[in-house]
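Here the protein sequences come in this chain order: A and B.
Mapping the first sequence onto the numbering used here, position 63 (from 1) lands on 102, and the numbers just tick up by one.
Mapping the second sequence onto the numbering used here, position 85 (from 1) lands on 111, and the numbers just tick up by one.
All remarks here apply to the structure that follows.
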Amino acid sequence: MIALLGYLGVLLGLVSASTLAYTGVRAVRRGGRVDESVRWSVTGLALGAVVAFAALELGVLTHDFSIAYIARNTATTTPFVFLLASGWAALEGSIVLWGLMLAGFTWVLAGKVRGDDRLGVGALAVMGAVAVFWFGMMASVANPFAICTEVVGGACASSSWLPIGNAVAPLEGLGPNPLLQNHILMAIHPPMLYLGYVGFTVPFAFAISALAQGIQGKAWLVRTHRWSLIAWLFLTAGIILGGWWSYEVLGWGGYWAWDPVENAAFLPWLIGTAFIHSAIVQERRGMLQAWNFVLVIATFALTILGTFLTRSGVIASVHSFSQSLIGPALLAFLVVLLVSSLALFATRIHLVASSPRLDSVVSREGFFLVNNLILTLFAFTVLLGTLYPLIIDALSGREVSIGRPFFDRVTIPLAFALLLAVGVGSIAPWRVAKPQILWQRTRGGIATGLVAAAFAVVVGVSSIPVLGVIALAGFVIGTIVGFFLRQAGARRATGSGGREAAWTVFRNDLGYWGGQISHIGLALLAVAIATSSALAVRGQLQLAVGDSGIVDGYCVRYDGTFQEVTPNRIVDGSTMTLLRDDCSTFVAELAPRVNRYRGASQAIASPAVHTGILEDVYLSIAGGSSETIALDVFIFPLQWLVWVAGGIMILGGFVALGRKVRRRDTLPVTAPDPEESRV
Amino acid sequence: MSERARNLIVGAVSVAALVVIVVGLAGRSGPTVPTPQARAYQLEIRLKCPFCVGESLADSQSGVARDLRVLIERRIAEGATDQEIIDEFVANYGESIVLDPGGKRWGIALWALPVLLGAVGVYAVVRLRRPDETPVDSEVGSR
């Protein structure tokens with residue numbers, strides 16, 4: 040019953056998506072008036088997506104093991120939160136969640152398209168076309184409602200495509216992949232990433248609509264600015280939460296391994312970030328029209344590539360869970376998408392190629408270009424490194440691997456260049472930046488950077504690259520804060536009070552200052568990444584109960600073991616006491632564990648972390664016998680700053696969202712920009 | 027405060043900070059010999075964990091990786107050089123055990139293409155500049 044209901048929801052979504060694409064194009068042809076048929080299509084799409092998602096969740100929560108997906112990915116012993124998350128954590132379910140989000144975004148977008156709006160209706164049609172693909176996958180190769188027709192050995196052995204016929208249900212499901220039920224972040228990180236991925240569909244749809252109809256100007260950018268920013272926010276949050284999950288769960292002490300699927304999330308982030316910046320240049324100065332189309336198409340294509348890499352298993356990765364026809368379907372979609380978008384772009388290039396030129400490379404827009412160049416190069420290099428083994432294999436049949444050593448080596452210089460450009464670019468005037476003005480605005484930052492590096496030397500940092508990052512981050516932060524104080528000072532000179540002056544400066548340009556908050560977050564993140572990786576200390580201790588051992592200023596005492604048995608797992612934990620290296624001053628009690636999940640062969644080490652002001656102490660069980668335990672002890676300086684800095688970047692994005700409220704798309708796009716004369 | 031005074035302060039603070047950095051770093055012992063653990067870690071991030079999916083020896087929690095980490099530490103203790111250890115891994119598991127393209131022939135494009143794209147990008151940015159050096163009123167930006 041549930042399977043049939045859900046599948047009908049999928050079909051409703053598929054039909055509605057098709058009619059949306061059709062009626063949307065028809066409405067464009069008739070002048071852009073949004074008619075009832077478009078509205079009904081959007082409603083049908085949203086309803087179908089909600090029914091499909093709700094049916095799947097209902098089946099998951101009521102343990103309807105006659106549905107193959109539910110039998111394979113959940114169990115009656117799965118705790119509630121992870122059970123709920125199972126609805127979208129595995130392959131087919133993730134496509135359902137994707138469809139729900141896409142339908143949701145389409146619904147919200149439709150609410151903003153009123154009257155005669157060729158651009159908006161065209162965008163809705165594109166959203167419909169994209170939805171045809173996702174719901175088409177759900178109805179065919181990624182059908183989450185296939186029913187179990189044969190049970191062998193208590194597990195669902197084969198399933199039928201259509202949810203009609205005699206369903207048999209195993210008594211118990213297999214349960215989620217252990218990695219997916221080990222930490223609460225696993226219920227949050229993937230939806231965040233998906234919201235980011237799906238969110239970039241909206242700017243893409245507007246871009247295609249503008250290109251196809253030959254609508255020149257920045258209207259599509261102005262209308263999608265907020266969407267892009269929201270997508271960026273979710274993508275950023277998703278990536279940071281993913282890193283945090285990795286740190287808390289995987290037990291190797293890191294948060295980023297340049298795994299192909301991590302790269303797949305990072306690539307749209309890089310190009311999406313470049314897009315957010317270059318969109319500002321077009322909005323302000325009318326430049327980079329063609330480039331913005333390229334970036335938004337690339338961002339969207341990279342989200343599909345990312346999904347393809349995650350879901351196809353074409354590249355070996357800890358993230359790729361299974362293989363199915365979904366991979367080829369995604370690849371086909373990616374190819375169709377790229378070929379059609381780029382062909383469209385090529386036939387319209389004459390409409391967008393004539394944009395104003397740069398007055399000087401040393402200017403705000405010049406630095407935006409440098410930023411775009413660095414981000415694009417960054418993305419290209421990461422993409423090349425990710426796909427290179429595939430390319431070499433295809434060309435010569437030779438098996439090669441590319442990992443962290445390569446990525447670290449090429450991205451560190453790019454990151455340095457990026458920080459430098461962020462510092463200078465944030466305060467450079469538009470059009471032409473006179474050296475005198477640049478010097479006035481950066482000299483405080485230069486001094487701050489040098490003082491920060493000197494301070495780091497005094498507290499004992501000797502690593503030149505780390506000092507370099509600290510100096511650059513100090514430069515960025517000092518420059519931005521100095522610029523803010525300078526403006527607040529100037530306003531104060533006109534008579535308002537200090538705090539009021541600062542608040543006014545901030546509030547008057549939330550877009551700009553939100554961006555600067557994100558830049559400060561980026562600078563802090565760079566410092567945190569540098570210290571937590573380059574200054575990390577790694578040790579291993581072999582301890583018997585009652586023993587203690589010393590690693591770099593800490594004493595770890597092994598107090599004993601405990602076991603917790605719950606329906607879905609067995610936890611073997613060790614109680615440890617963390618002390619100063621005198622082995623008597625108490626710091627913290629820690630309990631690293633090893634979790635064994637029912638039905639899973641491999642145990643998962645669950646590390647215990649003590650977060651201090653200066654550093655994290657990370658304990659992970661590496662093995663052991665009945666007598667002793669082998670314990671990895673890692674010390675990561677300023678590790679907490681990675682998460683806090685990520686939070687600051689997100690906060691900046693939220694602040695920048697406030698900007699558009701004042702000048703929405705009601706502003707005629709040909710009118711002079713009221714902000715032209717500001718910052 | 028006059029511009030001159032501001033410049034003086036910034037200059038003095040910067041010079042003082044530079045002195046602290048140079049003196050502080052010079053006072054420390056030169057490049058130290060890396061500890062065996064540090065050497066082992068540097069090798070572990072360069073080597074793929076065999077039979078794992080996409081993880082390096084340093085990252086993997088599998089039993090195989092654990093055993094191989096112990097092996098690396100033992101080889102270091104026995105006095106093997108980094109290159110010898112890498113060569114042993116390549117001999118046992120094939121070339122794809124190394125995650126680092128280094129200076130290998132097949133890796134040339136990996137370094138060359140980004141450099142090429144960077145050069146094209148720089149050229150494009152410079153080309154985008156107004157060709158004639160007409161003086162532009164920069165009042166807009168100079169607030």
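Idealized CB from N, CA, C, for every residue including glycine.
Inset, instruction - Could you confirm whether any beta carbon from chain B is found closer than 7 Å to the beta carbon of Arg443/A? - result: By this cut-off, Arg443/A is an interface position.
Inset, instruction - Return the residues of the segment 70-83 of chain B that lie within a Cβ-Cβ distance of less than 7 Å from chain D, sorted by chain order. - result: Checking the listed chains, one finds no chain D in this structure; the protein chains it contains are A and B.
Legend entry - Cβ of Phe360/A within 7 Å of any chain B Cβ: Reliability fails at Phe360/A, whose pLDDT of 48 lies under 50, so the model's placement of it is uncertain and the value that follows must be treated cautiously. Chain B places no beta carbon closer than 7 Å to that of Phe360/A, leaving this residue out of the contacts.
Inset, instruction - Could you tell me how far apart the beta carbons of Gly662/A and Arg92/B are, in whole angstroms, since I believe they sit closer than 8 Å? - result: Approximately 6 Å separates the beta-carbon atoms of Gly662/A and Arg92/B; this is inside 8 Å, confirming the contact.
Legend entry - Inter-residue spacing [alpha-carbon to alpha-carbon] between Ile310/A and Val461/A: Spanning the alpha carbons of Ile310/A and Val461/A requires a straight line of approximately 16 Å.
Legend entry - Which of helix, strand or coil DSSP assigns to Glu99/B: Three-state result, Glu99/B: helix.
Inset, instruction - Tell me, please, whether the segment 478-498 of chain A touches the segment 510-518 of chain A by the rule of three or more beta-carbon pairs shorter than 8 Å. - result: Using a C-beta cut-off of 8 Å, the segment 478-498 of chain A makes contact with the segment 510-518 of chain A, since at least three inter-stretch Cβ pairs fall below that distance.
Inset, instruction - Give the interface partners of Leu414/A over in chain B, defined as CB-CB distance under 8 Å, in chain order. - result: The CB of Leu414/A never comes closer than 8 Å to any CB in chain B; the least such distance is about 11 Å.
Legend entry - Buried or exposed by the 16-neighbour rule on C-beta atoms within 10 Å, applied to Phe372/A: Burial call: buried.
Inset, instruction - Find out if the Cβ-Cβ distance for the pair Ala527/A, Ala510/A is shorter than 7 Å. - result: No; because the gap between Cβ atoms is not below 7 Å, this pair is not in contact.
Legend entry - Paired residues, beta bridge with His649/A - DSSP: BP columns for His649/A point to Val656/A.
Legend entry - Short Cβ contact (7 Å threshold) for Ala56/A with Phe174/A: Cβ atoms of Ala56/A and Phe174/A: closer than 7 Å.
Legend entry - Residue(s) in a DSSP beta bridge with Glu603/A: Beta-bridge pairing links Glu603/A to Val610/A.
Inset, instruction - Name, in chain order, the residues that DSSP records as bridge partners for Tyr593/A. - result: Looking at the DSSP assignment, Tyr593/A forms a beta bridge with Val590/A and Arg619/A.
Inset, instruction - Output, in chain order, the set of chain A residues within a Cβ distance shorter than 7 Å of Leu143/B. - result: The answer, in chain order, is Leu416 and Phe419.
Legend entry - Residues sharing a beta bridge with Pro187/A, DSSP: Looking at the sequence provided, one finds Cys at residue 187/A rather than Pro. Per DSSP, the beta bridge partners of Cys187/A are Ser198/A.
Legend entry - Straight-line gap, Gly692/A to Arg470/A (C-alpha atoms, nearest Å): Distance from the CA of Gly692/A to the CA of Arg470/A, rounded to the nearest whole angstrom, comes to 25 Å.
Legend entry - is_contact[Ser40/B, chain A] using C-beta, thresh 7 Å: With 7 Å as the cut-off, Ser40/B counts as an interface residue toward chain A.
Legend entry - Bridge partner(s) assigned by DSSP for Pro676/A: Paired residues: Glu654/A.
Legend entry - CA-to-CA distance, Gly483/A to Asp113/B, given in whole angstroms: Computed Cα separation, rounded: 51 Å.
Inset, instruction - Name, please, each residue of chain B whose Cβ falls closer than 8 Å to the Cβ of Glu438/A. - result: Think of a sphere of 8 Å around the beta carbon of Glu438/A: the chain B residues whose beta carbon falls inside it are Gly120, Glu121 and Ser122, in chain order.
Legend entry - Residues that DSSP places opposite Ile668/A in a beta bridge: Answer by DSSP bridge pairing, in chain order: Leu582/A and Gly663/A.
Inset, instruction - Measure from the C-beta of Ala194/A to each C-beta in chain B and report whether the shortest distance is under 7 Å. - result: Chain B contact via Cβ: absent.
Inset, instruction - Within the segment 154-189 of chain A, note down every full alpha helix (DSSP H) run reaching 4 residues or more, in order along the chain. - result: Runs of the alpha helix (DSSP H) inside the segment 154-189 of chain A: 157-178.
Inset, instruction - Could you spell out where the beta strand (DSSP E) holding Leu423/A opens and where it closes? - result: Segment Arg403 to Ser435 is the alpha helix (DSSP H) holding Leu423/A; no beta strand (DSSP E) there.
Legend entry - Start-to-end residues for the beta strand (DSSP E) that takes in Ala627/A: Judged by DSSP secondary structure, Ala627/A falls within the beta strand (DSSP E) whose first and last residues are Phe625 to Leu629.
Inset, instruction - Taking all protein chains shown into account, decide if Ile203/A is buried (16 or more other Cβ within 10 angstroms of its Cβ) or exposed. - result: Counting Cβ neighbours within 10 Å, Ile203/A comes out exposed, since fewer than 16 surround it.
Inset, instruction - Inspect the beta-carbon positions of Ala13/B and Ala493/A and report whether they are closer than 7 Å. - result: Only positions 27 to 169 of chain B appear in the structure, and residue 13/B is not among them; the question remains open.
Legend entry - Coil, strand or helix - Val151/B by DSSP: Three-state result, Val151/B: helix.
Inset, instruction - Count the CB pairs spanning the segment 116-123 of chain A and the segment 159-169 of chain A that are closer than 8 Å, and state whether there are at least three. - result: Pairwise C-beta distances place the segment 116-123 of chain A out of contact with the segment 159-169 of chain A, as fewer than three of them are shorter than 8 Å.
Inset, instruction - Kindly indicate which three-state DSSP category Ala642/A falls into: helix, strand or coil? - result: Here Ala642/A sits in coil by DSSP.
Legend entry - Rounded straight-line distance, which links the Cα of Ile441/A to that of Ile71/B: Computed Cα separation, rounded: 11 Å.
Inset, instruction - Would you tell me roughly how many angstroms separate the C-alpha atoms of Pro428/A and Leu94/B, rounded to the nearest one? - result: Cα to Cα, the separation comes out at about 24 Å.
Inset, instruction - Note down, in chain order, every chain A residue with its Cβ under 8 Å from the Cβ of Gly147/B. - result: In chain order: Leu412, Thr415 and Leu416.
Inset, instruction - Write down the C-beta distance between Leu344/A and Ala296/A rounded to the nearest angstrom, noting that I regard them as a contact closer than 8 Å. - result: About 19 Å; that fails the 8 Å criterion.
Inset, instruction - Spell out whether any CB of chain A is found under 7 Å from the CB atom of Tyr47/B. - result: Per the sequence shown, residue 47/B should be read as Ile rather than Tyr. At least one chain A Cβ lies under 7 Å of Ile47/B.
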